[in-house]
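Following: one structure in structure tokens, then a few remarks.
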């Protein structure tokens with residue numbers, strides 16, 4: 020059985036959801052003062068397309084439940 024990014028031989032393992040897991044990580048972001056002035060958390064990022072910004076709110080913070088990649 021093909022299951023996401025693995026191949027399992029047992030139908031029972033797939034049916035019983037034995038290899039299903041959820042991974043949650045929490046990150047904290049701090050804006051610091053620098054020699055050039057304070058850092059700013061914003062959605063206005065130069066040369067970044069709307070597709071890359073779709074999971075950010077008006078302040079530049081990722082929406083709760085959004086799936087993001089590095």
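In the working numbering, the protein residues as written are 20 to 89.
Quick reminder that beta carbons are idealized off the backbone N, C-alpha and C, glycines included.
- A straight line joining the alpha-carbon of residue 36 with that of residue 69 spans about 36 Å.
- DSSP places residue 28 in the coil class of the three-state scheme, outside both helix and strand.
- Spatial neighbours of residue 32 in its own chain (CB-CB distance under 7 Å, excluding positions within 5 residues in sequence) are listed in chain order as 38.
- Each of 63, 59, 73 was checked against the Cα of residue 48, and the nearest Cα belongs to 59.
- Annotation: residue 76 to residue 66 spans about 18 Å, alpha carbon to alpha carbon.
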